[in-house]
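Residue numbers (our numbering), protein chains in the order written: chain A, 4 to 76; chain R, 2 to 465.
What follows is a short report on a single structure.
Spelled out as structure tokens, the structure:
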């Protein structure tokens with residue numbers, strides 16, 4: 004995590020009534036950037052997949068799987 | 002200031018809870034005006050309330066408790082009972098965590114974000130977890146990381162991981178750590194195999210390490226705005242969600258289906274006991290009931306069927322877990338299973354011992370059921386009858402209590418490995434001592450059993 008100090012300096016001001024914790028901010032930005040990238044990739048992939056599959060076969064198109072997990076509550 | 006400000010309501014300058022003339026209100030301060038207005042005008046409030054995720058409220062026209070910073074006074078819908086995370090079973094805890102994340106995802110759609118993620122802000126209302134703090138939302142600014150991330154990990158992720166990977170009783174650590182389990186402690190206590198779980202590796206182990214490294218460094222004000230995009234924030238929330246989803250727990254070596262099927266009664270005694278409890282509940286029509294030592298809640302259901310909001314307490318997390326699963330499947334709105342060790346009930350905790358209330362402070366109730374319980378208290382825990390009577394006197398108006406004589410196989414089991422010092426443990430003594438504080442309305446010998454079931458009513462003329 005060599006880039007963490009740079010990240011620290013470039014974070015927006017976090018005025019919160021709870022202390023968000025410096026370490027907690029850094030780790031979440033790193034995780035989130037990686038995972039958010041994953042989501043972008045997934046959305047992009049789905050778009051490409053749909054574009055390609057639609058003209059070929061419209062009758063057997065399976066319902067797209069909902070990526071969000073259903074809540075148990 | 003007029004009105005009694007609640008002991009737990011002091012951290013957030015957005016507002017606070019207070020009571021006046023027995024009614025609960027929440028003061029919203031000017032500092033929270035823009036956020037409150039957006040919560041309402043964006044449609045987020047309406048959506049969350051309609052989905053049963055946020056407590057509803059009405060604007061109240063009463064004097065503020067603190068006129069200086071006031072913007073509005075609202076009257077939230079009142080809850081039947083306040084429970085705490087150290088009283089929840091595994092699935093209750095997991096559902097509370099998932100609801101918090103679901104709310105955060107919906108809030109982001111409406112341009113808002115949760116500014117706290119405290120487990121104490123989630124309560125069970127009509128059988129489902131719900132957010133009770135209307136002031137938990139703030140206007141979302143793109144680029145800003147999730148300020149409640151640390152709190153979510155300490156309040157939800159760490160306890161759930163410890164319960165799933167180490168021991169289900171470890172949510173008791175929340176009794177010690179009021180702001181959730183410190184992540185360095187969770188890292189020490191979790192087994193090595195938890196490192197293989199990518200979610201736990203990042204949200205707990207690495208999180209703890211980075212926290213440690215930057216413990217004395219502050220986040221400086223920005224020069225640029227290279228923060229977290231909304232997409233990245235969603236990625237984080239989804240990662241937390243899937244990690245929580247995958248955490249599972251079941252008692253070792255058992256299957257849910259047959260857990261607690263074995264009882265110590267003949268069919269006739271069991272049916273007789275159910276019939277008596279049911280009749281008495283119909284007769285006294287309790288509004289509130291506590292079943293102490295409820296097991297999987299067979300008798301608690303009789304109290305809730307008579308209309309009373311019933312808490313089914315048991316010391317065994319597996320019994321409470323099974324009861325909760327059943328309550329959830331039945332969509333039972335007026336019953337709440339909770340974990341409680343009656344020999345050491347939940348104390349008053351937090352700042353000034355006023356943030357979290359003790360069990361006693363959350364009572365008294367109309368009726369207490371103490372079925373197959375007294376021998377555990379009097380013999381296993383050496384509590385004299387006089388102290389038991391005093392405890393029940395403080396907790397309830399009506400008492401349904403089962404007397405289990407020494408000759409009973411269950412009592413014999415408890416006495417097997419110890420000296421019988423309980424010379425006063427006899428039915429005559431029991432009745433005599435309890436009659437100081439209670440009038441015995443019914444005393445019935447259970448069929449094919451030596452046990453007696455009593456219906457007692459608190460005496461008005463008892464002088465302490």
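Backbone N, C-alpha and C fix where the C-beta goes; we use that ideal spot for every residue, glycine too.
Is residue 417 of chain R helix, strand or coil by DSSP?
The residue given as residue 417 of chain R occupies position 416 in the second chain. DSSP places residue 417 of chain R in coil when its eight states are reduced to three.
With DSSP collapsed to three states, give me the class of residue 157 of chain R.
On the second chain, position 156 is the one that residue 157 of chain R refers to. In the structure shown, residue 157 of chain R sits in a helix (DSSP, three-state: H, G or I).
Looking only at its own chain, which residues have a Cβ that is under 7 Å from the Cβ of residue 137 of chain R, when we skip the five neighbours before and after it?
Numbered from its first residue, the second chain carries residue 137 of chain R at position 136. Excluding residues within five positions, the ones whose Cβ falls inside 7 Å are 115, 116, 117, 122.
Report buried or exposed for residue 177 of chain R, applying the criterion of at least 16 other Cβ atoms within 10 angstroms of its Cβ.
Here the question's residue 177 of chain R lines up with position 176 in the second chain. Result: exposed.
On a Cα-Cα basis, can you pick out the residue from R/232, R/45, R/363 that is closest to residue 289 of chain R?
By one-based count along the second chain, residue 289 of chain R stands at place 288. Of the candidates R/232, R/45, R/363, the one whose C-alpha sits nearest the C-alpha of residue 289 of chain R is R/363.
With distance defined between alpha-carbon atoms, name the residue in R/233, R/229, R/325, R/112 nearest to residue 96 of chain R.
On the second chain, residue 96 of chain R is found 95 positions in, with the first residue counted as 1. Considering only alpha carbons, the answer is R/325.
State the CB to CB distance for the pair residue 293 of chain R and residue 445 of chain R, rounded to an integer number of angstroms; the pair is presumed to be in contact (CB under 8 Å).
Residue 293 of chain R sits at position 292 when you count from the first residue of the second chain. Residue 445 of chain R sits at position 444 when you count from the first residue of the second chain. With 8 Å as the limit, residue 293 of chain R and residue 445 of chain R do not qualify as a contact, their Cβ atoms being about 20 Å apart.
Determine the DSSP secondary structure at residue 63 of chain R, reduced to helix, strand or coil.
To locate residue 63 of chain R, count along the second chain from 1; it is residue 62. In this structure, residue 63 of chain R counts as coil in the three-state DSSP scheme.
Can you give the Cα-Cα distance for residue 302 of chain R and residue 105 of chain R, rounded to whole angstroms?
By 1-based counting over the second chain, the position of residue 302 of chain R is 301. By 1-based counting over the second chain, the position of residue 105 of chain R is 104. Spanning the two alpha carbons is a distance of roughly 34 Å.
Identify, in the order they occur along the chain, each residue of the same chain with its Cβ nearer than 7 Å to the Cβ of residue 311 of chain R, setting aside the five sequence neighbours on each side.
Taking the second chain and counting its residues from 1, the one referred to as residue 311 of chain R is at position 310. Within the same chain, residue 311 of chain R has close Cβ partners 290, 292, 301, 304, 305, 335, 336.
Flag this pair as yes or no: are the beta carbons of residue 85 of chain R and residue 357 of chain R separated by less than 8 Å?
Here the question's residue 85 of chain R lines up with position 84 in the second chain. Here the question's residue 357 of chain R lines up with position 356 in the second chain. At the C-beta level, residue 85 of chain R and residue 357 of chain R come within 8 Å of one another.
Please decide whether residue 322 of chain R counts as near chain A, where near means a Cβ-Cβ distance under 8 Å.
Counting from one through the second chain, the residue named residue 322 of chain R turns up at place 321. At a cut-off of 8 Å, the C-beta of residue 322 of chain R has no neighbouring C-beta in chain A.
Going by the CB atoms, is the gap between residue 165 of chain R and residue 103 of chain R shorter than 8 Å?
If you number the second chain from 1, residue 103 of chain R lands on position 102. If you number the second chain from 1, residue 165 of chain R lands on position 164. Cβ atoms of residue 103 of chain R and residue 165 of chain R: not closer than 8 Å.
For residue 124 of chain R, which beta-bridge partners are listed by DSSP?
Here residue 124 of chain R refers to the residue found at position 123 when the second chain is read from its first residue. Answer is R/131, bridged to residue 124 of chain R.
Quick one: does residue 35 of chain R have its CB under 8 Å from some CB of chain A?
Along the second chain, one-based indexing puts residue 35 of chain R at 34. So, not an interface residue.
Looking at residue 371 of chain R: is its Cβ nearer than 8 Å to the Cβ of residue 402 of chain R?
Position 370 of the second chain, counted from the start, is the residue given in the question as residue 371 of chain R. Position 401 of the second chain, counted from the start, is the residue given in the question as residue 402 of chain R. Cβ distance < 8 Å, so residue 371 of chain R and residue 402 of chain R count as in contact.
Check distances from the C-beta atoms of the segment 144–157 of chain R to those of chain B and list, in chain order, the residues that come in under 8 Å.
The structure shown has no chain B; the protein chains it does contain are A and R.
Going by Cα to Cα distance, which pick from R/246, R/107, R/422 is closest to residue 43 of chain R?
One-based indexing of the second chain puts residue 43 of chain R at position 42. The shortest Cα separation from residue 43 of chain R among R/246, R/107, R/422 belongs to R/107.
Quick one: using the 10 Å Cβ neighbour count with 16 as the cut-off for buried, is residue 145 of chain R buried or exposed?
By 1-based counting over the second chain, the position of residue 145 of chain R is 144. Flag for residue 145 of chain R reads buried.
Starting from residue 239 of chain R, trace the alpha helix (DSSP H) in both directions and tell me its first and last residue.
Your numbering for residue 239 of chain R matches position 238 in the second chain. Residues 231–247.
Can you check whether the CB of residue 112 of chain R is closer than 8 Å to the CB of residue 7 of chain R?
Reading the second chain from its first residue, position 6 is the one you call residue 7 of chain R. Reading the second chain from its first residue, position 111 is the one you call residue 112 of chain R. Result no, Cβ atoms of residue 7 of chain R and residue 112 of chain R do not sit closer than 8 Å.
Tell me the residue span of the alpha helix (DSSP H) that contains residue 281 of chain R.
Looking up residue 281 of chain R in the second chain gives position 280. Start and end: 268–285.
Residues of chain R with CB closer than 9 Å to the CB of residue 42 of chain A, please, in chain order.
Start at 1 with the first residue of the first chain, and residue 42 of chain A comes out as number 39. Residues of chain R passing the Cβ test: 232, 233, 235, 236, 239.
Residue 34 of chain A versus chain R: which residues are under 7 Å apart at the beta carbon?
In the first chain, residue 34 of chain A corresponds to position 31, counting from 1. Residues of chain R passing the Cβ test: 203, 237, 240.
For residue 116 of chain R, return the contacting residues in chain A, with the cut-off set at a CB-CB distance below 8 Å.
Stepping through the second chain from its first residue, residue 116 of chain R is reached at position 115. By Cβ distance, chain A contributes 19, 20, 21.
Is it right to say residue 381 of chain R is buried, meaning 16 or more other beta carbons lie within 10 angstroms of its own, or is it exposed?
Position 380 of the second chain, counting from 1, holds the residue named residue 381 of chain R. Flag for residue 381 of chain R reads exposed.
Buried or exposed, going by whether 16 or more other CB atoms sit within 10 Å of the CB of residue 134 of chain R?
Residue mapping note: residue 134 of chain R aligns to position 133 of the second chain, counting from 1. Buried, since its Cβ has 16 or more Cβ neighbours within 10 Å.
Would residue 126 of chain R and residue 56 of chain R qualify as a contact pair, given that the criterion is a beta-carbon distance under 8 Å?
Your numbering for residue 126 of chain R matches position 125 in the second chain. Your numbering for residue 56 of chain R matches position 55 in the second chain. For residue 126 of chain R and residue 56 of chain R, yes; Cβs fall inside 8 Å.
Is there a Cβ from chain A that is less than 8 Å from the Cβ of residue 469 of chain R?
Since the displayed chain R opens at 2 and closes at 465, residue 469 of chain R lies outside it and no answer follows.
By Cβ distance, which residues of its chain are closer than 7 Å to residue 61 of chain A, with the 5 residues on each side in sequence left out?
The residue labelled residue 61 of chain A in the question sits at position 58 within the first chain. For residue 61 of chain A, the predicted model reports a pLDDT of 41, less than 50, meaning its position is unreliable and no value from the coordinates is stated.
Roughly how many angstroms lie between the CA atoms of residue 210 of chain R and residue 155 of chain R, to the nearest whole one?
Position 209 of the second chain, counted from the first residue, corresponds to residue 210 of chain R. Position 154 of the second chain, counted from the first residue, corresponds to residue 155 of chain R. Straight-line spacing of the CA atoms in residue 210 of chain R and residue 155 of chain R works out to 14 Å.
Could you please give me the residues that DSSP links to residue 28 of chain R through a beta bridge?
Locating residue 28 of chain R in the second chain gives position 27, counting from the first residue. According to DSSP, residue 28 of chain R bridges with R/17, R/74.
Excluding the five sequence neighbours on either side, which residues of its own chain have a C-beta within less than 6 Å of the C-beta of residue 223 of chain R, listed in chain order?
As a position in the second chain, residue 223 of chain R is number 222, starting the count at 1. Note that residue 223 of chain R has pLDDT 44, beneath the 50 cutoff, so the model's placement of it is unreliable and no number is given.
Any beta-carbon of chain A closer than 8 Å to the one on residue 438 of chain R?
For the purposes of this step, residue 438 of chain R is taken as residue 437 along the second chain, with counting starting at 1. No, its Cβ sits nowhere closer than 8 Å to a Cβ of chain A.
What does DSSP give as the partner residue(s) for residue 144 of chain R in the beta ladder?
Residue 144 of chain R sits at position 143 when you count from the first residue of the second chain. Its beta-bridge partners are R/229.
Cutting at 6 Å between CB atoms, please list the residues of its own chain near residue 18 of chain R, excluding the five before and the five after it.
For the purposes of this step, residue 18 of chain R is taken as residue 17 along the second chain, with counting starting at 1. Cβ within range, chain order: 7, 10, 27.
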